[in-house]
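Chemist: Numbering (this note's numbering), first residue to last: 692 to 1589.
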């Protein structure tokens, strides 16, 4: 095999594609035989050209996993020996590195199995060799081995850290220092032990030193590794940085201020500041670093970027992110310096600085909202002044900032409408499309929360907004993107604005429907654009060695580089879906031309993949029904048409309650059904199973929602009380369970119903109730009521009836609630329950012998029984002697010895 393989390896490296493809096919065939391993090892050591030796190592790495277990001990020894020789004697660095990669893969299997005891001693020896190549390759191996056998290093961690620190400070070799830097990065990624991570704190000065040297010699890629290490240190919960945070910040600020460096390097430096602001904001405050950071970041906002530069790496964009993060985490320390920068820069002759002044204010408006609300006068003075600036870029930034204020400084900002709205209206007439589009965003966001004070401005506003939204989306999109705004965001706010106006004007909004409804339809029908990018690139593809598949599972899984769903489009769809429902609700009869299409869209969106859109569809369908009733009531066959819409809506709600996995969406469907039942009654036409389904779902929602159900008690309780008297046992059972859960989670809002509930439950305890499961659920409901508000229950009347229905016969899911209630009353020596000791002893005996009850329930009952013994002692004897020996023994077994 060895000879034919050598020819194939040479052929594989030929520029001729056909020859390569043939070689690849034959190598694949040969690689299935374990004998390919010694053949590849031979070529790794003896082939004349480095390219062939490297290819042999790459193929060995890909194929060794599948064959390793089948190799004889002698052959395994040969492979390990040859790799060690290749690492120490090979002259070509790419071949050495490729051999090191094979060692990494074999070590994954051989080291834990005890088959390579001399690997780590060899690496320690190598890393202290006089030869630079040996020291470098040992460090490269330490890096890659952490991924495969990191745990084997645990006992040697202290030695390893000392070694890495020594290599970081290697005075003779930059290559060794760089390899040590990479190894530190690998170890930090691997280790989760806080105490071990803390030891890396003393590495920081050396890391900074190596990074500065790399930057000076143009090796920016290596300096970026330092930032990755700092990333790990910053994200660790251990208190790692101490005093060194100052030198890290100083270094990062030097790098991000250096315009001669690559944008990616500067971006990494800015990112470090961003992480510190997010995870270590108190340290920044403690070491007085906030102002030095802002003194660099604010001017970065004014830095010009080349048109062809990646937007995400642009320094002004990244600096804005840092300022935003700092404002969110340290608002009190950020607001004053930024306002000072904005005031000074707004007067600067350089338009980029005037632009930066308003951008900075827009960026901090979310984090510093409370402080900004108190200083709205001076802030608005700067921003409204910038809206009149001769330079388009400044006016655009000012309209962006106004949009941010409208979003974050509610409701205070709205009180300035008399000065703000005319300025925005003026900006809508701007010669620049960019300023116009950003002003539309500001306008829509500003007006979304306005009340009747907007009416004097309404005609010009509506006219201009509609004109904007009907203009070219592509043009809009391009102009909005520059400020992190998407066209979708503009439309989202505008749908919110229109919904708000519909509420203010009611039927007066009808005149705008022909313009606004088609826009909402367009947003609802947008393509979602969800996309998954899979990154299958492998480093060998660069050398053309990627065609041979790997046996090692670690190399088989494609890496998902980026899963992106365009959230802007989702928010826009949710806002448009909501708008359709609100237009229908507020304009009713005038909505007739759009009813059918709106209903189709909302039905479709009730099954949409994202819960925000489903929720708005579920809410909107109820409004569609309201409009349908108004539209059809005066028509011939109107009743039949309304019933058709009602049936469609009810079917969607029932499907949602049984199939949707989002609590809020299910709860909304339940509440909408409750409202519909209240308004329309149970139509005889609704089949019985629908009513059963509704009650079952209401019960489940009451249980799953927990305390938030309190807000819905008044809508749900009347329906459920009615169902306690249903002719269907399943409905009575579900209604009883639902009542109990509503009382358990609904808080004080349920108290006013306690009398009605007890009256509704009472018949379920009597002889006339044929179904045991109904009675069990009624007992569960009473137990929950007692547990929540015992003082609101007439226990002297309720307890005898309650205990008579026990033990539970069928629904043992109620056991915990029921027997916890009884035990709690006994353990608190409640006087009402202590009048019923004979009934309690009898009940406890039946519970502890029941095969249906859990040990937990029996233990609880046992504790209550022991409490009775401690209270009554010998007086209990006659009661116990009335029990059968089996019952008495079982009780004794569960009663804790005092």
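C-beta: ideal position from N, C-alpha, C; glycine also. What you are looking at is a predicted structure, and each value in this text was computed from that prediction instead of being measured.
#1: Three or more C-beta pairs closer than 8 Å, one from the stretch 1266-1284 and one from the stretch 1199-1213: is that the case here?
#2: Identify, in the order they occur along the chain, each residue of the same chain with its Cβ nearer than 7 Å to the Cβ of residue 948, setting aside the five sequence neighbours on each side.
#3: Counting only runs of 4+ residues fully inside the stretch 812-881, write out the alpha helix (DSSP H) ranges in chain order.
#4: In angstroms with no decimal places, state the Cα-to-Cα distance between residue 1142 and residue 1088.
#5: Using CA coordinates, which residue listed in 1427, 1284, 1418 is at the minimum distance from residue 1388?
#6: So, using beta-carbon positions, are residue 1144 and residue 1084 closer together than 8 Å?
#7: Taking a contact to mean a Cβ-Cβ separation below 8 Å, would you say residue 1356 touches residue 1302 in this structure?
#8: Specify the secondary structure class of residue 941 as computed by DSSP and reduced to three states.
#9: Please classify residue 845 as buried or exposed, where buried requires at least 16 other C-beta atoms within 10 Å of its C-beta.
#10: How would you label residue 1482, buried or exposed, when you count the other beta carbons within 10 angstroms and need 16 or more for buried?
#11: As an exercise, report each continuous alpha helix (DSSP H) stretch of at least 4 residues that is fully enclosed by the stretch 1248-1323, in chain order.
#12: In the structure shown, what three-state DSSP assignment does residue 1480 receive?
#13: Do you know offhand how far residue 1069's Cα is from residue 1215's?
#14: Assign residue 973 to one of three DSSP states: helix, strand, or coil.
#15: Touching or not, the stretch 831-850 and the stretch 787-807, by the rule of three or more beta carbon pairs under 8 Å?
#16: For residue 1180, I'd like the list of residues in its chain whose CB is within less than 8 Å of its CB, leaving aside the five on either flank, ordered along the chain.
#17: Give me, in chain order, the residues of the same chain whose beta-carbon lies closer than 8 Å to that of residue 1580; leave out the 5 immediate sequence neighbours on both sides.
#18: Under DSSP, the alpha helix (DSSP H) around residue 1127 begins and ends at which residues?
#19: DSSP three-state label for residue 713, please.
#20: Just to confirm, is the Cβ distance from residue 811 to residue 829 under 8 Å?
#21: Taking three-plus beta-carbon pairs below 8 Å as touching, is the stretch 754-771 in contact with the stretch 707-714?
#22: Are the stretch 1514-1526 and the stretch 1567-1576 in contact at 8 Å, needing three or more beta carbon pairs?
#23: By alpha-carbon positions, which one of 1518, 1476, 1368 ends up nearest to residue 1317?
#24: Do residue 1406 and residue 1465 have their C-beta atoms within less than 8 Å of each other?
#25: Look up residue 1141 in the DSSP assignment and say whether it is helix, strand or coil.
#26: So what does DSSP say about residue 734, is it helix, strand or coil?
#27: Counting only the same chain and skipping the five closest in sequence on each side, list residues whose C-beta sits under 7 Å from that of residue 1493.
#28: Answer yes if the stretch 1314-1331 comes into contact with the stretch 1346-1361, meaning at least three C-beta pairs across the two stretches below 8 Å, and no otherwise.
#29: Taking 8 Å as the cut-off, does the stretch 1391-1401 touch the stretch 1444-1455 (at least 3 CB pairs, one atom from each stretch)?
#30: Quick one: any contact between the stretch 1009-1023 and the stretch 1071-1084, if contact means 3 or more CB pairs under 8 Å?
#31: Which value, in whole angstroms, describes the spacing of the CA atoms of residue 722 and residue 730?
#32: Let me check understanding here. Comparing Cα to Cα, which of 1053, 1562, 1200, 1267 lies closest to residue 1099?
#33: Please report the distance separating the alpha-carbon of residue 1416 from that of residue 1138.
#34: Looking only at its own chain, which residues have a Cβ that is under 7 Å from the Cβ of residue 1540, when we skip the five neighbours before and after it?
#35: For the stretch 759-773 against the stretch 738-749, do three or more pairs of beta-carbon atoms, one drawn from each stretch, fall closer than 8 Å, so that the two count as touching?
#36: Can you round the beta-carbon distance between residue 1022 and residue 1076 to whole angstroms, since I take them to be within the 8 Å contact cut?
Modeler: Taking the definition as stated:
#1: Touching, yes, given that three or more Cβ pairs across the two stretches are closer than 8 Å.
#2: Taken in chain order, the residues that qualify are 987.
#3: Counting only unbroken stretches of 4 or more residues, the alpha helix (DSSP H) elements lying wholly within the stretch 812-881 are 823-840, 848-859, 865-881, in sequence order.
#4: Rounded to whole angstroms, residue 1142 to residue 1088 spans 27 Å at the Cα level.
#5: The candidate whose alpha carbon is nearest that of residue 1388 is 1427.
#6: The Cβ-Cβ distance between residue 1144 and residue 1084 does not fall below 8 Å.
#7: In this structure, the beta-carbon distance from residue 1356 to residue 1302 falls below 8 Å.
#8: Here residue 941 sits in helix by DSSP.
#9: With a threshold of 16 other beta carbon atoms within 10 Å, residue 845 falls short and is exposed.
#10: Residue 1482 should be labelled exposed.
#11: Counting whole runs of 4 or more residues, the stretch 1248-1323 contains the alpha helix (DSSP H) stretches 1258-1278, 1283-1296, 1302-1323.
#12: Of the three classes helix, strand and coil, the one that applies to residue 1480 here is coil, per DSSP.
#13: A direct Cα-to-Cα measurement between residue 1069 and residue 1215 gives close to 41 Å.
#14: Residue 973 falls in the helix class under three-state DSSP.
#15: In this structure the stretch 831-850 touches the stretch 787-807; the number of beta carbon pairs closer than 8 Å is three or more.
#16: These residues qualify, in order along the chain: 1132, 1171, 1259, 1262, 1263.
#17: Answer for residue 1580: no residue qualifies.
#18: Following the DSSP letters along the chain, one finds residue 1127 inside the alpha helix (DSSP H) bounded by residues 1124-1138.
#19: Helix.
#20: The answer is no: Cβ separation not under 8 Å.
#21: No, they do not touch.
#22: The answer is no - the stretch 1567-1576 does not touch the stretch 1514-1526, with fewer than three Cβ pairs under 8 Å.
#23: For residue 1317, the closest alpha carbon among the candidates 1518, 1476, 1368 is that of 1368.
#24: The answer is no: Cβ separation not under 8 Å.
#25: Residue state, collapsed to three classes: coil.
#26: When DSSP states are grouped into helix, strand and coil, residue 734 belongs to the helix group.
#27: If you ignore the 5 residues before and after residue 1493, its C-beta comes within less than 7 Å of the C-beta of 1470, 1473, all in its own chain and listed in chain order.
#28: The stretch 1346-1361 vs the stretch 1314-1331: no contact.
#29: Between the stretch 1444-1455 and the stretch 1391-1401, the count of Cβ pairs shorter than 8 Å is below three; the stretches do not touch.
#30: Counting Cβ pairs under 8 Å, fewer than three are found: no touch.
#31: Residue 722 and residue 730: Cα-Cα distance of roughly 10 Å.
#32: If we check each option's Cα against that of residue 1099, 1053 comes out closest.
#33: The alpha-carbon atoms of residue 1416 and residue 1138 are separated by roughly 50 Å.
#34: Within its own chain, the residues whose Cβ lies closer than 7 Å to the Cβ of residue 1540, once the five positions on either side in sequence are excluded, are 1577, 1578, 1581, listed in chain order.
#35: Touching, no.
#36: The C-beta separation of residue 1022 from residue 1076 comes to about 24 Å, leaving the pair out of contact by the 8 Å criterion.
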